[in-house]
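Participant:
Residue numbers (my numbering): 753 to 1672.
(1) What is the DSSP secondary structure of residue 1283, reduced to helix, strand or coil?
(2) Taking all protein chains shown into account, do 16 or more other C-beta atoms lie within 10 angstroms of the C-beta of residue 1565, making it buried, or fewer, making it exposed?
(3) Take the Cβ of residue 1619 as the centre, count every other Cβ of all protein chains shown within 10 Å, and call the residue buried at 16 or more, exposed below.
(4) With which residues is residue 790 paired in a DSSP beta bridge?
(5) Exposed or buried, what is residue 868 when buried is set at 16 or more other beta-carbons lying within 10 Å of its beta-carbon?
(6) Since residue 1512 and residue 1339 are thought to touch, with beta carbons under 8 Å apart, how far apart are those beta carbons, to the nearest angstrom?
(7) Could you tell me which uninterrupted alpha helix (DSSP H) segments, each at least 4 residues in length, are contained entirely in the region 1170-1246, listed from first to last along the chain?
(8) Within 10 angstroms of the Cβ of residue 1553, are there 16 or more other Cβ atoms? Answer buried if so, exposed if not.
(9) When we look at the beta-carbon of residue 1257 and count the other beta-carbons within 10 Å, is it buried (16 or more) or exposed?
(10) Quick one: what does DSSP say residue 712 is sitting in, helix, strand or coil?
(11) Is the Cβ-Cβ distance between residue 884 and residue 933 less than 8 Å?
(12) Using the three-state DSSP reduction, which class does residue 1630 fall into: helix, strand or coil?
(13) Buried or exposed: which applies to residue 1267, given that a residue is buried once 16 or more other Cβ atoms fall within 10 Å of its Cβ?
(14) Identify the continuous beta strand (DSSP E) that holds residue 1071 and give its terminal residues.
(15) Considering only C-alpha positions, which residue in the set 1091, 888, 1533, 1199 is nearest to residue 1556?
(16) Are there three or more Cβ pairs, one per stretch, closer than 8 Å when the region 1477-1488 is compared with the region 1451-1464?
(17) Does residue 1655 come out as helix, strand or coil in the three-state DSSP assignment?
(18) Since residue 864 and residue 878 are thought to touch, with beta carbons under 8 Å apart, how far apart are those beta carbons, to the nearest angstrom?
(19) Start and end of the alpha helix (DSSP H) containing residue 812?
(20) Should residue 1573 go down as buried or exposed, given a rule of 16 or more other Cβ atoms within 10 Å for buried?
(21) If you drop the 5 nearest sequence neighbours on each side, which residues of the same chain put their C-beta closer than 7 Å to that of residue 1081?
(22) Over the uninterrupted alpha helix (DSSP H) stretch that includes residue 1362, give me the two end residues.
(23) Taking the alpha-carbon positions, what's the residue 1241 to residue 1500 distance?
(24) Indicate whether residue 1362 and residue 1327 have their beta-carbon atoms separated by less than 8 Å.
(25) Secondary structure at residue 1066, three-state DSSP: helix, strand or coil?
(26) Using the C-alpha atoms, what's the distance from residue 1147 back to residue 1550?
(27) Quick check: the Cα distance between residue 1541 and residue 1593, rounded to an integer number of angstroms?
(28) Can you tell which of 818, 1204, 1490, 949 has its C-alpha closest to the C-alpha of residue 1072?
(29) Do residue 1027 and residue 1069 have their C-beta atoms within less than 8 Å of each other?
(30) Would you decide whether residue 1621 is buried or exposed? Buried here means 16 or more other CB atoms lie within 10 Å of its CB.
(31) Evaluate the contact criterion for the region 1154-1173 versus the region 1123-1130: three or more CB pairs, one atom per stretch, below 8 Å.
(32) When you compare each of 1248, 1197, 1203 to residue 1175 by their alpha carbons, which one comes out closest?
(33) Counting along the chain, where does the beta strand (DSSP E) carrying residue 1123 start and finish?
(34) First and last residue of the alpha helix (DSSP H) that includes residue 1418?
(35) Alpha carbon to alpha carbon, what distance is there between residue 1314 and residue 1344?
(36) For my contact list, residue 1660 and residue 1647 are in at a C-beta cut-off of 8 Å; report their separation, rounded to the angstrom.
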């Protein structure tokens, strides 16, 4: 709908109104606008929201209001936003359409991932804005359900070239929540009015004269809060104000304002108060439903008029309170018995066929004592919520069901289920509380063992590493007596925890865990994927790398086959199988596992999995010399982790930075990240961080520093990182006159290469032997290394081999041959973006007497990471819609980026794009 002419300017809000006007102008010009208003209750956020709405002439308006009592219902906020646009649902791509329909309960199906739902909302907004600019306002966004908040934050980060304004208003909270989904958005903090504006506003609402000292005190105590200035004077006589008796008391300002509303509520007749209570307990603003409730509560029709006349609420097409604090005041002021009566009436008036979950929630709030019928209904609602992807809601339903369950055995079972759901929903503290409740009840041996395993999983998620080990081992031992399959999975989790804990678990910590796992019940036949992985890792850490290689190779083959079939265990255990593939120097397995994982995650929109898969895929791009693609994937992963509030995944970023090598300060940054990681038990970061810094220093030619870092890294045999460390240590030792250290590393590297047998491993070991050899033997080894690595996917290792071979040839006074390999190394490394290694090659070329030609401008230097990614996808023939679906952006944003790409590369069509990219 279109809005009317804007209201008169807001007192003291010239800058804020100007910012909102600019947003409207930007949207009308074709650029999306996103802003978050943050401030204390009553400071004027809602007034600014209304200013934007009234100023949006010629725009469509969508409004959402967060409601505290709906915070546990998944997708409730999104449902408010999207329902007016659902007529356009059929225009969305099938996966997006299905995800949104399932999320809103319009159709049945497996749980939709939130990123697919987010992409659907993004597409729906873009579609709606095609004909007319769209203004979406979300007031009291702090009360949105978690899924809606995360999804809208994701959408806000992806809006760019659509004619959409997205405005959020959020209450300031102290302290700010650690998982605040809005933190990455552009924000405007709304503060109290300036003193002169506050005085004018106060004078406009106070009858008669006001003592100057009283005015000053009121202005000071309200801190210029407009709603406080307006509301705190209501109900006070001119005499009271003049004498200073009506000034605010020492309560917090929000409480003062709420008390003002409360005084007005309690002055109403009982029927009007009960109607306000019913409206406060009914979060949707459904007028017909509220009428049915009023009839059940014997509330006369004229009660609505009395509440409206008091200026507290409006009954139109939808019920709207004058301010959110009116809702909270009306609910909190009511007697608990009256609240239960209202919730009972709401449950009876709600259609169980169309909204069974809200009906169950109201019944739960109406319950006075344990009630199995209500608890059972909540449990069924939890199942529906989880099927729709609402794990947080499932946990809330199960938690309340636990409280209402009279039978101790069933209460323990429900508490355990609530703990599991809370853990999966990202609330480990709540999960631990529910675990404690479950453990208080009568449990059989199976339930006890499963609860201990869950406790271990929670501890590992909160503090990765050693603290979880004894808990997971205890769970595995208990499960051996009752469930062989779960016991073996618990042992695999324990090995995973020990791998992450690294050296912090003690010198023999990982070996002891592996020994316990080897004593576990034998795998079933045929073995599961987890059985193959467990047996391989247990052998690896009890008998060594060589003995562990065959079973781990079998496990990798099985996982690669399962990846082709899209089995769930591939996603669940990728973080461990990718480490195993790297440890085996199996670049083909790394490629297939990460490519398949990213593809599957994009197709299904797997929320918790895709950021990790993108990081692993980014590392494969670095190995392939495709630094720009790696950067794009890392940016995408970082965006997702910011939106969801998950822990950031810094390893891929560090990996790319050290291979770029253009900033020595990266070493300090990595050391800081290592300190953080070890503080929570992630000892693996010590070896990984030192290995990465060794790469950086080898690139910079600081071989002594590289040797020192590599020697620190190889003090503990980290999965995957140990072999890479050996590679760096040999080069650093050979270049810094430390032949013994280099030779010791070479012997370990030779063991790995013989057991691995891949071209990657055989190539790096031939290169390492060459670095420690002389004469014809060295020459042959360098050539063998180049030949081997040419058959692999690791282009950066191949380029570095050309580099060290060229350096050796120059020292052998074979300048013509040296130039050939140094030129190859320089051009490739420079093209990758490996600045430090490229500079090494350039210096060596100059030493041969060759001048280095100016290289053509690289796409990486012209296009941003996202522009380069979009350009390549477009050059491969993908449509704007296909590119948008893959990168979680709208087709219009793809079009906007491509326009910039065409301008930068001086082309005018997609047909010429591939050639321009190739020339660059």
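Ideal Cβ placement from N, Cα and C applies to all residues, glycine included.
Facilitator: Looking at the coordinates:
(1) Counted from its first residue, the chain shown places residue 1283 at position 531. Helix at residue 1283.
(2) One-based indexing of the chain shown puts residue 1565 at position 813. Residue 1565 should be labelled exposed.
(3) Here the question's residue 1619 lines up with position 867 in the chain shown. Residue 1619 comes out buried.
(4) Position 38 of the chain shown, counted from the first residue, corresponds to residue 790. DSSP lists 922, 941 as partners of residue 790.
(5) By one-based count along the chain shown, residue 868 stands at place 116. Buried.
(6) To locate residue 1512, count along the chain shown from 1; it is residue 760. To locate residue 1339, count along the chain shown from 1; it is residue 587. That pair is a contact at about 5 Å.
(7) The qualifying runs are 1180-1192, 1197-1214, 1220-1232.
(8) Taking the first residue of the chain shown as position 1, residue 1553 is located at position 801. Under the 10 Å beta carbon count, residue 1553 is surrounded by 16 or more other beta carbons and is classified as buried.
(9) Taking the first residue of the chain shown as position 1, residue 1257 is located at position 505. Flag for residue 1257 reads buried.
(10) What the structure shows of the chain is the stretch from 753 to 1672, and residue 712 is not part of that stretch, so it cannot be assessed.
(11) As a first step, residue 884 is located in the chain shown; it is residue number 132 there, counting from the start. As a first step, residue 933 is located in the chain shown; it is residue number 181 there, counting from the start. Contact flag unset, no.
(12) As a working note, residue 1630 is residue 878 in the chain shown. The three-state secondary structure of residue 1630, taken from DSSP, is coil.
(13) Along the chain shown, read from residue 1 onward, the residue named residue 1267 stands at position 515. A residue is called buried once 16 or more other Cβ atoms fall within 10 Å of its Cβ, and residue 1267, having fewer, is exposed.
(14) Numbered from its first residue, the chain shown carries residue 1071 at position 319. Where residue 1071 is concerned, the enclosing beta strand (DSSP E) stretches over 1071-1073.
(15) Looking up residue 1556 in the chain shown gives position 804. Comparing Cα-Cα distances from residue 1556 to each of 1091, 888, 1533, 1199, the minimum goes to 1533.
(16) Cβ pair count under 8 Å is three or more, so yes.
(17) Along the chain shown, read from residue 1 onward, the residue named residue 1655 stands at position 903. Here residue 1655 sits in helix by DSSP.
(18) Counted from its first residue, the chain shown places residue 864 at position 112. Counted from its first residue, the chain shown places residue 878 at position 126. Incorrect: roughly 19 Å between the Cβ atoms, too far for contact.
(19) Residue numbering aside, residue 812 sits at position 60 when the chain shown is read from its first letter. Counting along the chain, residue 812 sits inside no alpha helix (DSSP H); it lies in the beta strand (DSSP E) bounded by residues 812-817.
(20) Here residue 1573 corresponds to residue number 821 of the chain shown, with the count starting at 1. With 16 or more Cβ atoms within 10 Å of its Cβ, residue 1573 is classed as buried.
(21) Position 329 of the chain shown holds residue 1081. Excluding sequence neighbours, residue 1081 sits near 1010, 1013, 1014, 1017.
(22) On the chain shown, position 610 is the one that residue 1362 refers to. First-last of the alpha helix (DSSP H) with residue 1362: 1362-1375.
(23) Residue numbering aside, residue 1241 sits at position 489 when the chain shown is read from its first letter. Residue numbering aside, residue 1500 sits at position 748 when the chain shown is read from its first letter. Computed Cα separation, rounded: 31 Å.
(24) The residue you call residue 1362 lines up with position 610 of the chain shown. The residue you call residue 1327 lines up with position 575 of the chain shown. No, the Cβ-Cβ distance between residue 1362 and residue 1327 is not below 8 Å.
(25) Start at 1 with the first residue of the chain shown, and residue 1066 comes out as number 314. Three-state result, residue 1066: strand.
(26) In the chain shown, counting from the first residue as 1, residue 1550 sits at position 798. In the chain shown, counting from the first residue as 1, residue 1147 sits at position 395. C-alpha separation (whole angstroms): 51 Å.
(27) What you label residue 1541 is simply residue 789 of the chain shown in a count that begins at 1. What you label residue 1593 is simply residue 841 of the chain shown in a count that begins at 1. Using only the alpha carbons, I get a separation of about 19 Å.
(28) Looking up residue 1072 in the chain shown gives position 320. Relative to residue 1072, the option among 818, 1204, 1490, 949 whose CA is nearest is 818.
(29) Locating residue 1027 in the chain shown gives position 275, where the first residue counts as 1. Locating residue 1069 in the chain shown gives position 317, where the first residue counts as 1. No. Outside cutoff.
(30) Indexing the chain shown from 1 puts residue 1621 at position 869. Under this definition residue 1621 is a buried residue.
(31) Remark: three or more beta-carbon pairs, one from each stretch, lie closer than 8 Å, so the region 1154-1173 and the region 1123-1130 are flagged as touching.
(32) To locate residue 1175, count along the chain shown from 1; it is residue 423. Of the listed residues, the one whose Cα sits closest to residue 1175 is 1203.
(33) For this step, residue 1123 is matched to residue 371 along the chain shown. For residue 1123, there is no enclosing beta strand (DSSP E), since its DSSP letter is neither H nor E.
(34) Locating residue 1418 in the chain shown gives position 666, counting from the first residue. Residues 1418-1431.
(35) Here residue 1344 corresponds to residue number 592 of the chain shown, with the count starting at 1. Here residue 1314 corresponds to residue number 562 of the chain shown, with the count starting at 1. Their backbone Cα atoms lie some 11 Å apart in a straight line.
(36) Working through the chain shown from its first residue, we reach residue 1660 at position 908. Working through the chain shown from its first residue, we reach residue 1647 at position 895. About 14 Å separates the Cβ atoms of residue 1660 and residue 1647, ruling out a contact at the 8 Å cut-off.
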